[in-house]
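Scroll down for the structure; my scribbles are underneath it.
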Amino acid sequence: MRVLHLFSNRKWTGPAEPVVNLCVTLLKNNLKVVFACSPKRGTAPNKIVDVARENGIEPLDFMHLSKHRHPLWNRLDVRALRRHLSTVPYDLIHCHLDNDHEIALEAAARKIPIIRTNHFGAGLPVDRRHRILATGSAALVEPSHMALEADHANFLTPRERLFIAPGAVDTKRFDPERVLPDMRERFNIPRGAFVLGIVARMQPHRHYEELFAAFHKLTEKAPDAHLVVVGRGTRQEQVGFKPVQELGLAHRVHFTGYLDGDSYAGTLNMFTVGLFLTPGTDGACRAVREIMAMGKPMIVADRGMLREIVAHNKEGIVTDGSVEELYDAFLRFYHQRELREHFAENARKTARTRYTLEHQSECVIAAYEETLRTRHAHT
Numbered sequence: 000m001r002v003l004h005l006f007s008n009r010k011w012t013g014p015a016e017p018v019v020n021l022c023v024t025l026l027k028n029n030l031k032v033v034f035a036c037s038p039k040r041g042t043a044p045n046k047i048v049d050v051a052r053e054n055g056i057e058p059l060d061f062m063h064l065s066k067h068r069h070p071l072w073n074r075l076d077v078r079a080l081r082r083h084l085s086t087v088p089y090d091l092i093h094c095h096l097d098n099d100h101e102i103a104l105e106a107a108a109r110k111i112p113i114i115r116t117n118h119f120g121a122g123l124p125v126d127r128r129h130r131i132l133a134t135g136s137a138a139l140v141e142p143s144h145m146a147l148e149a150d151h152a153n154f155l156t157p158r159e160r161l162f163i164a165p166g167a168v169d170t171k172r173f174d175p176e177r178v179l180p181d182m183r184e185r186f187n188i189p190r191g192a193f194v195l196g197i198v199a200r201m202q203p204h205r206h207y208e209e210l211f212a213a214f215h216k217l218t219e220k221a222p223d224a225h226l227v228v229v230g231r232g233t234r235q236e237q238v239g240f241k242p243v244q245e246l247g248l249a250h251r252v253h254f255t256g257y258l259d260g261d262s263y264a265g266t267l268n269m270f271t272v273g274l275f276l277t278p279g280t281d282g283a284c285r286a287v288r289e290i291m292a293m294g295k296p297m298i299v300a301d302r303g304m305l306r307e308i309v310a311h312n313k314e315g316i317v318t319d320g321s322v323e324e325l326y327d328a329f330l331r332f333y334h335q336r337e338l339r340e341h342f343a344e345n346a347r348k349t350a351r352t353r354y355t356l357e358h359q360s361e362c363v364i365a366a367y368e369e370t371l372r373t374r375h376a377h378t
């Protein structure tokens, strides 16, 4: 089976890493996978291209594949892709973002089945563009039951064309048993401290105001509690630095900025409890699964698909996101060590079974096979 994957972006953000990981895993499962993404580098390296090459994939670079629709570049991409499809036989085209999906639909002209992975955790946006994209697809691969039900209801997509492939993480990389740098010393966090950790860009919609207010209440009862914020953002001064100073928490809240590699995995490893309050550009909330894979219990808000990732009172605590419920969850884990260790074990077990790259690739391959079987049955 030969599959062309399209990714219309050049930035290492949102679904970029999951898409590259999926392609690499599909290759290991003996599929013939071809990957195309934007070749642009801009002022920074094109990490998508670099990481793909590091993993043995040489991306096609004959299209612009810009993130946003561009009247000239899209027209040129349609022509270039149409020429490519006329010379290289593909069984399927797998799209990941709106613009590559739009280009593929026009270029393939229904001659090759198009599959779209929905990276919006709660379903595709409901508008004319996504209605055209959804109805023109042979199948949609969904990250959650919530997304599947939403797309079925909003676009009347038949259930036999809807498949679930849970988000996945590299459980070999996110393994608490491997040797990782000790990040507590780097961020001046005492050994034995109770560490709450969140991975999220510092933007107003990420609910940092409620987080800091709840943590401020916790510090009055927990002298050894610390909060680690992994991420950055254009509004970080307003959203993060200033509120923390005003609350007098500068010595208890630690901003790491952007981290990658073992520094990132090592930082997750020093968390006592992971936090996540709302989905960001990656609606499938990959960071939650990474924290769970490191064997940490979670506290999440009931937003987007978070309830499907973290089972309440099994792998963590699902709250309504209010200051009071967050504070109660913080205090519960702070005082009940056995409970958080039990939830931590459950979280790691779930990550190592349901959220592995291998399981995700099996789900995607099943979607491919069923899509081709259905197509052949109607020809």
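Every letter in the sequence shown is one number past the one before it in numbering that gives the first Met the number 0, and letter 46, counting from 1, is 45.
For each residue, glycine too, the CB sits at the ideal point set by N, CA and C.
Since the model is a prediction, treat every value here as computed from it, not as a measurement.
Classify residue i as buried or exposed, calling it buried when 16 or more other Cβ atoms lie within 10 Å of its own Cβ.
{"i": "Q244", "result": "exposed"}
{"i": "E17", "result": "Note that residue 17 is Pro in the sequence shown, not Glu. Buried, since its Cβ has 16 or more Cβ neighbours within 10 Å."}
{"i": "Q202", "result": "buried"}
{"i": "V125", "result": "exposed"}
{"i": "H4", "result": "buried"}
{"i": "A249", "result": "exposed"}
{"i": "N98", "result": "buried"}
{"i": "H100", "result": "buried"}
{"i": "N20", "result": "buried"}
{"i": "Q335", "result": "exposed"}
{"i": "L155", "result": "exposed"}
{"i": "H204", "result": "exposed"}
{"i": "H206", "result": "buried"}
{"i": "H253", "result": "buried"}
{"i": "N312", "result": "exposed"}
{"i": "A146", "result": "buried"}
{"i": "A292", "result": "buried"}
{"i": "A152", "result": "exposed"}
{"i": "H69", "result": "exposed"}
{"i": "E57", "result": "exposed"}
{"i": "R251", "result": "buried"}
Taking residue i as the reference, which of the options has the closest Cα?
{"i": "L195", "options": "W11, L267, A107", "result": "L267"}
{"i": "G296", "options": "A138, R306, I47, F332", "result": "For clarity, residue 296 is Pro in the given sequence; the question names Gly instead. Among A138, R306, I47, F332, the Cα nearest to that of P296 belongs to F332."}
{"i": "A300", "options": "M293, E289, C284", "result": "C284"}
{"i": "F275", "options": "L226, G265, T233, A249", "result": "L226"}
{"i": "M62", "options": "N29, L71, V19, A224", "result": "L71"}
{"i": "S65", "options": "I111, E57, I102", "result": "I102"}
{"i": "F193", "options": "E236, R177, A224", "result": "A224"}
{"i": "V228", "options": "A221, A292, Q359, F240", "result": "F240"}
{"i": "G55", "options": "K31, L325, V238", "result": "K31"}
{"i": "S85", "options": "H100, A106, V238, T116", "result": "A106"}
{"i": "L210", "options": "K220, A376, Y326", "result": "Y326"}
{"i": "T349", "options": "A328, L371, S360, V309", "result": "V309"}
{"i": "R234", "options": "L104, R200, K27, P38", "result": "R200"}
{"i": "R9", "options": "A221, N312, G320, S37", "result": "S37"}
{"i": "L80", "options": "D169, L59, H69", "result": "L59"}
{"i": "H67", "options": "L96, I188, R78, H83", "result": "L96"}
{"i": "D169", "options": "R372, T370, S360", "result": "S360"}
{"i": "Q237", "options": "L217, E208, R251, K220", "result": "E208"}
In angstroms with no decimal places, state the Cα-to-Cα distance between residue i and residue j.
{"i": "M269", "j": "P88", "result": "48 Å"}
{"i": "E357", "j": "R351", "result": "10 Å"}
{"i": "R52", "j": "K46", "result": "10 Å"}
{"i": "I298", "j": "T277", "result": "11 Å"}
{"i": "C94", "j": "C22", "result": "12 Å"}
{"i": "P44", "j": "R302", "result": "34 Å"}
{"i": "G232", "j": "E289", "result": "21 Å"}
{"i": "R306", "j": "A15", "result": "23 Å"}
{"i": "M182", "j": "G256", "result": "13 Å"}
{"i": "F186", "j": "T271", "result": "15 Å"}
{"i": "G273", "j": "G135", "result": "39 Å"}
{"i": "A366", "j": "L330", "result": "43 Å"}
{"i": "T318", "j": "E184", "result": "31 Å"}
{"i": "A35", "j": "V363", "result": "18 Å"}
{"i": "D49", "j": "R347", "result": "30 Å"}
{"i": "M304", "j": "N73", "result": "32 Å"}
{"i": "N28", "j": "L75", "result": "33 Å"}
{"i": "P222", "j": "R172", "result": "33 Å"}
{"i": "R40", "j": "E323", "result": "45 Å"}
{"i": "A212", "j": "P242", "result": "9 Å"}
{"i": "K216", "j": "F119", "result": "33 Å"}
{"i": "R115", "j": "D90", "result": "14 Å"}
{"i": "S7", "j": "E219", "result": "48 Å"}
{"i": "T280", "j": "R158", "result": "26 Å"}
{"i": "I92", "j": "G320", "result": "39 Å"}
- Message: For a minimum of 3 consecutive residues, which ranges assigned as the beta strand (DSSP E) are wholly contained in the region 69 to 133?
- Response: List check, beta strand (DSSP E) in window: 91 to 94, 113 to 116.
- Message: Count Cβ pairs between the region 110 to 118 and the region 339 to 349 that sit closer than 8 Å; are there 3 or more?
- Response: Counting C-beta pairs closer than 8 Å gives fewer than three between the region 110 to 118 and the region 339 to 349, which falls short of the contact rule.
- Query: Does the region 257 to 267 come close enough to the region 174 to 185 to have 3 or more Cβ pairs within less than 8 Å?
  - Reply: These segments touch.
- Quick check: the region 135 to 146 against the region 155 to 169, are there 3 or more CB pairs under 8 Å? Flag = yes, the region 135 to 146 and the region 155 to 169 touch.
- Task: Pick out the complete alpha helix (DSSP H) segments inside the region 188 to 244, 4 residues or longer, and give them in chain order.
- Result: With a minimum length of 4 residues, the continuous alpha helix (DSSP H) runs that stay inside the region 188 to 244 are 207 to 218.
- Those runs of the alpha helix (DSSP H) which lie wholly inside the region 244 to 288 and span at least 4 residues: DSSP assignment within the region 244 to 288 yields the following whole alpha helix (DSSP H) runs of 4 residues or more, N-terminal first: 260 to 269.
- beta strand (DSSP E) runs wholly inside the region 25 to 56, at least 3 long, in chain order: List check, beta strand (DSSP E) in window: 31 to 36.
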